[in-house]
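Enquirer:
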Amino acid sequence: YKDGYDHKLIDNLYNIRQKIWDYQNKNIVQEIMDSDFDKIEKDIDSIVYTMQYSIQNDEFYDMEKYENQLRGLLDRKKEILDKKESASKYLEQLYNQEEAIENQLKEWKVEITTPESGIISFGLDGLENIITPNDIDYLTVEQYLAFRDHKALELDKESSYVDVPLFKIVVPDKWYIVSLIPHKNTFYEQGDTLNLKIPGLSEETISAKVYKVDYLKDSTLVILEIIENIESVIEARYIHIEIGISAEGLMVPAKAIINKNHRTGVKIERNGDIKFIEVKVKAFDDDWAIIEKVNDNDTLDLNDIVIIK
């Protein structure tokens, strides 16, 4: 709406529509009245016919009774018609009030057409035009840290701000999570599928794809792409996530993983010889790791003796 509109009119409009709905919701009372009216009409026709028949046959001994019955039915008919007319005027008055408010609001209303459909969100922090899907591929650690420390503009409800958006349109086809992990012991690869949970926002398990992994000097920047459940995070910029991963491979003690000449692997003892086997770590925790060999020429069997450092 344009500046200067009276927000109380919107409250009045909702109140009037509620009265209209309440009135229409009581149609069962109107239906009962209509049913009574139809019965009275039939009873009136029946008594008039009886009176006409009696007059034609010179039978006047019950005429006073018929007249009293007819007078009572006509009074009842008038009573119902008065109630219906009163109710009709009340409803017409509500419709007129609704139309008057709608016409007033139209003068203040500003129509906005978006380039594509989406979900309206009023959660704004000023980064909407800075962090976009087109910028994800070029996001650096320095930018991430700057965005992480960014504080949203706090608007005073009593003041007006020019060129400050009031809402945003969120296209729900995909969204991204960017996380800076403070070490290099991260074994996600582009294209891996992870299972996420967002405590406090959603109880559902969300499927995410590893979109990008940047290994830095002492940390790892991981970007995840998600195509579902955006409604749970549409008002949030920062969230806490729990990540789970399904992996197949050979499970070995985590302490068996070593680095040799910038290669990750394990040492195994076979026939009295110790050999270094380069491996890919697919998943790990504090105690165990899931690995698979990197080179097809190497062999890695369940019966191998893995040396723990």
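Quick note, the numbering used here runs 1051 ahead of the 1-based positions in the sequence shown. Glycine included, every Cβ here is placed at the ideal spot set by N, Cα and C.
Tell me the start and end of each unbroken beta strand (DSSP E) in the region 1228–1281 that is at least 3 residues and wholly inside, in chain order.
Expert: Complete beta strand (DSSP E) runs here, min 3: 1244–1249, 1253–1266 and 1271–1277.
Enquirer: So A1197 is in the alpha helix (DSSP H); what residue range does that whole segment cover?
Expert: From DSSP, the alpha helix (DSSP H) with A1197 extends over V1192 to R1199.
Enquirer: Would you call the region 1305–1320 in contact with the region 1265–1281, where contact means no fewer than 3 C-beta pairs closer than 8 Å?
Expert: Contact fails: fewer than three Cβ-Cβ distances are below 8 Å.
Enquirer: For the beta strand (DSSP E) containing G1295, name the first residue and the last one.
Expert: E1293 to G1295 is the extent of the beta strand (DSSP E) around G1295.
Enquirer: Could you name the residues of the same chain whose beta carbon sits closer than 8 Å to that of I1067, not counting the 5 residues immediately before and after it, in chain order?
Expert: L1145, Q1148, E1149 and I1152, listed in sequence order.
Enquirer: Between the alpha carbons of I1079 and A1259, how many angstroms are there, rounded?
Expert: Caution is warranted here: a pLDDT of 45 is assigned to I1079, below 50, making its placement in the model unreliable, and the coordinate value is therefore given only provisionally. Going by the C-alpha atoms only, they are around 53 Å apart.
Enquirer: Below 8 Å between beta carbons: does that hold for I1308 and N1246?
Expert: Cβ atoms of I1308 and N1246: not closer than 8 Å.
Enquirer: Below 8 Å on the Cβ atoms is my guess for I1290 versus L1252; work out the distance and round it to an integer in Å.
Expert: Between L1252 and I1290 the Cβ distance is about 6 Å, and since that is below 8 Å, they are a contact.
Enquirer: According to DSSP, simplified to helix, strand and coil, what is P1166?
Expert: P1166 falls in the coil class under three-state DSSP.
Enquirer: What are the start and end residues of the beta strand (DSSP E) that includes D1324?
Expert: Taken as a continuous stretch (DSSP letters only), the beta strand (DSSP E) holding D1324 covers D1324 to F1335.
Enquirer: Which of the three DSSP states is assigned to G1300 in this structure?
Expert: Coil at G1300, not helix or strand.
Enquirer: Going by C-alpha distance, which of P1233, K1306, E1254 and G1242 is nearest K1263?
Expert: Of P1233, K1306, E1254 and G1242, the residue nearest in Cα terms is G1242.
Enquirer: State yes or no: is the C-beta of I1325 within less than 8 Å of the C-beta of L1351?
Expert: No.
Enquirer: By Cβ distance, which residues of its chain are closer than 8 Å to V1332, with the 5 residues on each side in sequence left out?
Expert: Hits under 8 Å: F1238, I1308, T1315, A1340, I1341 and I1342.
Enquirer: Near N1348, what residues of its chain come up, given a Cβ to Cβ distance below 6 Å and the 5 sequence neighbours on each side ignored?
Expert: Within the same chain, N1348 has no close Cβ partners at all.
Enquirer: Considering only C-alpha positions, which residue in the set E1130, I1098 and I1131 is nearest to E1115?
Expert: It is I1098.
Enquirer: By how many angstroms is the C-alpha of K1059 removed from the C-alpha of W1159?
Expert: Going from the Cα of W1159 to the Cα of K1059 covers about 13 Å.
Enquirer: According to DSSP, is S1210 part of a helix, a strand, or is it coil?
Expert: Any answer about S1210 is weak, because its pLDDT of 49 lies below 50 and its placement is not dependable; what the coordinates show is given next. Coil.
Enquirer: Determine the direct distance from the alpha carbon of P1184 to that of K1225, and round the result to whole angstroms.
Expert: The alpha-carbon atoms of K1225 and P1184 are separated by roughly 9 Å.
Enquirer: Check this for me: beta carbons of I1292 and K1344, under 8 Å apart or not?
Expert: No. Outside cutoff.
Enquirer: Need the endpoints of the beta strand (DSSP E) that T1315 sits in, please.
Expert: Start and end: R1314 to R1321.
Enquirer: Are there 16 or more other CB atoms within 10 angstroms of the CB of L1125, so buried, or fewer, so exposed?
Expert: The residue in question, L1125, is exposed, as its Cβ has fewer than 16 Cβ neighbours within 10 Å.
Enquirer: Can you tell which of I1281, V1357 and N1310 has its C-alpha closest to the C-alpha of L1301?
Expert: If we check each option's Cα against that of L1301, V1357 comes out closest.
Enquirer: Is it the case that the Cβ atoms of K1311 and K1360 are separated by a distance below 8 Å?
Expert: No, the Cβ-Cβ distance between K1311 and K1360 is not below 8 Å.
Enquirer: Could you check how far apart the C-beta atoms of V1091 and R1122 are, in whole angstroms? I think they sit under 8 Å.
Expert: At residue 1091 the sequence reads Ile, which differs from the Val that was named. So it is not a contact: roughly 12 Å between Cβ atoms.
Enquirer: Throw me the rounded Cβ distance for the V1221 and I1131 pair, which I believe falls under 8 Å.
Expert: With 8 Å as the limit, V1221 and I1131 do not qualify as a contact, their Cβ atoms being about 55 Å apart.
Enquirer: Pull the bridge partners of I1309 from the DSSP assignment, please.
Expert: DSSP output for I1309 lists G1316 as bridge partner(s).
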